[in-house]
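Chemist:
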Amino acid sequence: MDLANGEVMIEVIDLHKSFNSNRVLDGISFNVAEGENMVVFGRSGTGKSVLLKCMIRLLEPDSGNIKIQDKDVLKLNLKELNTLRKNIGFLFQGAALYDSMSVRENLEFPLIRNFIIDRKEIDERVHFVLEAVSLLEAVDKMPSELSGGMKKRIGLARSIITKPKLMFYDEPTTGLDPITSKEISVLINDLQRSLKMTSVVVTHDLLCAKIIADRAIVLDDSKIVKEGSITELTNSEDQLLKNFFSDEIIEINGSQK
Amino acid sequence: MIELGMKTLPIVGVTGFIIGLVIAMQLSPVLKRFGAEAFLPGSVGISIVRELGPVICALIFAGRVSSGIGAELGSMRVTEQIDAMEVSGVNPFRYLVVTRIFSTTFILPILTVYVIFISLIGAYIAVVLVQNMTWAYYLDRVIFAVEFGDAIPGVAKTFVFGFIVGLVGCYKGYTAENGTEGVGKASTSSVVVSSLLILIFDMILVKFSLWIWPTVK
């Protein structure tokens, strides 16, 4: 495993998770280096989102070990876990904006609830993240007034407003048209590079992965079946990967025409 | 808390007024049959203060608020808003659940006092229709009949009812699953369970209050 970019930021060791008799994760192990953008590929229902949620303990794994910045995540108490979570951003599949709050309130929420910072700094950070996602004009809108792509952007803005060192993206381009999907992927990539964050991106969108990923793993049948760069994976002779990527490549070629 | 109370104020007010009016209209001919029409204000007052006001108000409150909390938190759960809160290092239980239970527990007794007052006005209108009685005299008769031991348990038990409404609504919403269908179920079962629990706890608390204040005029 090439971790030449820096220290190991995330270590997932022999992770298992089942829902009743349905085994979702079966001995998953991988590392993510500091500053690296790791993409987790897989068909729907292969446990990609479950893996992400286990890593931040929104779901409790059955067994295994997860280390983030040398902290044993599964052994942290709630207070320690919340402290760790303050350094992690998470973009949910549906953006998960708080319906009852305006865009500004959504963005201010994690700051006000967690950090003691003055009004001026809050305003500056809100302005900075909205500018970063090119949605300054949406500051006083309610989530119900935003399109799917705008919601994703605001969700992204909310997750980076606390200046996290680590970002988790759960299907950042799902449900978006190809153009918006590419815009979001490029935006994520730009933010990742400019803010120097480490990230784990769960997706089945090859174009998104091509834009963002330094390295990728492929999940199938509850296990990691392949690991490498996107080029290595797409050029692989492995029949499973060929099947998986063939449709995606046709889609990308179609959308680029 | 204020918003919760203000939203419920009109519906509990109208319900209370009608209940007071109807109870007085129903009791009037019965008491007349026994030549006890003079006891109408007292009878109405006791029944409203001890039982009807608190229970009717709590049931309406459950229908209005418990379902709302169940649907709101259920919706937040299935759209991952609660997860988002958790991930940002905020304790969603403290932020969403504790505040709501606190609000329902303390707002329901205030609403109950309001409902009792409105019900007594409704009852007075019914009394005026059959008897020539001034408001001052009617109120005097009500106050004469209703004892401290009637008013305190009547209002005190609504703290428990309010707690039940908040707890059930939050529990059902917080644990909702299976998308929008789950939100609907959370909302419906919040009302059903909290209404049932209100009636069960009413039975227990009436027994308890009669044990503490056994003398009733």
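Protein chains in written order, with the working numbering: chain V, 15 to 271; chain A, 3 to 219.
Glycine included, each C-beta is placed from N, C-alpha and C at the ideal position.
Look up Val214 (chain V) in the DSSP assignment and say whether it is helix, strand or coil.
Modeler: strand
Chemist: Going by DSSP in three states, Arg37 (chain V) sits in which element: helix, strand or coil?
Modeler: strand
Chemist: Shorter than 8 Å from the beta carbon of Lys177 (chain V) to some beta carbon of chain A?
Modeler: no
Chemist: Indicate whether at least one CB of chain A lies closer than 8 Å to the CB of Ile102 (chain V).
Modeler: yes
Chemist: Mind checking Thr177 (chain A): buried by the 16 CB within 10 Å criterion, or exposed?
Modeler: Thr177 (chain A) comes out exposed.
Chemist: Please determine, among A:Leu198, A:Leu169, A:Ser90 and A:Ile50, the residue with the shortest C-alpha to C-alpha distance to Gly70 (chain A).
Modeler: Of the residues A:Leu198, A:Leu169, A:Ser90 and A:Ile50, the one whose Cα lies closest to the Cα of Gly70 (chain A) is A:Leu169.
Chemist: Can Val54 (chain V) and Val200 (chain V) be called in contact, C-beta distance under 8 Å?
Modeler: Result no, Cβ atoms of Val54 (chain V) and Val200 (chain V) do not sit closer than 8 Å.
Chemist: Taking DSSP as the reference, what is the three-state secondary structure of Phe106 (chain V)?
Modeler: In the three-state DSSP reduction, Phe106 (chain V) falls in the coil class, being neither helix nor strand.
Chemist: Give the interface partners of Asn128 (chain V) over in chain A, defined as CB-CB distance under 9 Å, in chain order.
Modeler: Ser90, Gly91 and Val92
Chemist: Give me the residue from A:Ile4, A:Ala26, A:Leu6 and A:Ile20 with the minimum Cα distance to Leu131 (chain A).
Modeler: A:Ala26
Chemist: Along the chain, where does the alpha helix (DSSP H) that runs through Ala171 (chain V) open and close?
Modeler: Gly162 to Ile174
Chemist: Please return the same chain residues whose Cβ sits closer than 8 Å to the Cβ of Leu233 (chain V), not counting the five positions on each side in sequence.
Modeler: Ile42, Val54, Phe55, Gly56, Thr60, Gly61, Lys62, Leu65 and Val239
Chemist: If we call anything under 8 Å between Cβ atoms a contact, is Thr160 (chain A) one with Pro111 (chain A)?
Modeler: Yes; because the gap between Cβ atoms is below 8 Å, this pair is in contact.
Chemist: Please list, in chain order, all residues of the same chain as Leu212 (chain A) whose beta carbon is under 7 Å from its beta carbon, the five residues on each side excluded.
Modeler: none
Chemist: Leaving out five residues before and five after Ile13 (chain A) in sequence, what residues of the same chain have Cβ atoms less than 8 Å from its Cβ?
Modeler: Ile62 and Arg66
Chemist: Between A:Cys172, A:Phe36 and A:Ala147, which lies nearest to Arg52 (chain A) when the distance is taken from Cα to Cα?
Modeler: When C-alpha distances from Arg52 (chain A) are compared across A:Cys172, A:Phe36 and A:Ala147, the shortest belongs to A:Ala147.
Chemist: Quick one: Cα of Pro216 (chain A) to Cα of Val208 (chain A), how far?
Modeler: 11 Å
Chemist: So the candidates are V:Ser236, V:Lys237, V:Leu220 and V:Arg71; which of them puts its Cα closest to the Cα of Leu247 (chain V)?
Modeler: V:Leu220
Chemist: Going by DSSP, what residues sit across from Ser77 (chain V) in a beta bridge?
Modeler: V:His30
Chemist: For Met181 (chain V), which residues of its own chain have a beta-carbon under 6 Å away from its beta-carbon, when the five flanking residues on both sides are left out?
Modeler: Gly103, Met211 and Ser213
Chemist: Out of A:Ile50, A:Ser30, A:Leu23 and A:Leu33, point me to the one whose CA is closest to Ile145 (chain A)'s CA.
Modeler: A:Ile50
Chemist: Would you please verify whether the beta carbon of Glu183 (chain A) is less than 8 Å from any beta carbon of chain V?
Modeler: no
Chemist: For the beta strand (DSSP E) containing Phe182 (chain V), list its first residue and its last residue.
Modeler: Leu180 to Asp184
Chemist: With a threshold of 8 Å between beta-carbons, can Ile238 (chain V) be considered close to chain A, or not?
Modeler: Not one chain A Cβ lies under 8 Å of Ile238 (chain V).
Chemist: Could you check what DSSP says for Phe44 (chain V) in three-state terms: helix, strand or coil?
Modeler: Strand, per DSSP.
Chemist: If contact means a Cβ-Cβ distance below 9 Å, which residues of the stretch 169 to 181 of chain A contact chain V?
Modeler: Going along the stretch 169 to 181 of chain A in chain order, one finds no residue with a Cβ nearer than 9 Å to chain V.
Chemist: Is Lys187 (chain A) helix, strand or coil by DSSP?
Modeler: helix
Chemist: Using three-state DSSP, classify Phe203 (chain A) as helix, strand or coil.
Modeler: helix
Chemist: Assuming Lys177 (chain V) is part of the beta strand (DSSP E), what are its boundary residues?
Modeler: Where Lys177 (chain V) is concerned, there is no enclosing beta strand (DSSP E), given that its DSSP letter is neither H nor E.
Chemist: Starting from Asp234 (chain V), trace the beta strand (DSSP E) both ways and give me its first and last residue.
Modeler: Arg229 to Asp234
Chemist: Under the rule that 16 or more other beta-carbon atoms within 10 Å means buried, what is Met15 (chain V), buried or exposed?
Modeler: For Met15 (chain V), the pLDDT reaches just 42, beneath the cut-off of 50, and the residue's location in the model is therefore unreliable, leaving the point undetermined.
Chemist: Is Phe36 (chain A) helix, strand or coil when you go by DSSP?
Modeler: coil
Chemist: The alpha helix (DSSP H) spanning Met78 (chain A) covers which residue range?
Modeler: Counting along the chain, the alpha helix (DSSP H) containing Met78 (chain A) begins and ends at Ser69 to Val80.
Chemist: Just how far apart, CA to CA, sit Gly124 (chain A) and Val193 (chain A)?
Modeler: 27 Å
Chemist: Jot down the residue ranges of each uninterrupted alpha helix (DSSP H) in the stretch 89 to 163 of chain A, minimum 4 residues, whole runs only, in chain order.
Modeler: 101 to 132 and 137 to 147
Chemist: Skipping 5 residues on each side, what residues in its chain have a beta carbon closer than 6 Å to that of Phe165 (chain A)?
Modeler: Thr107
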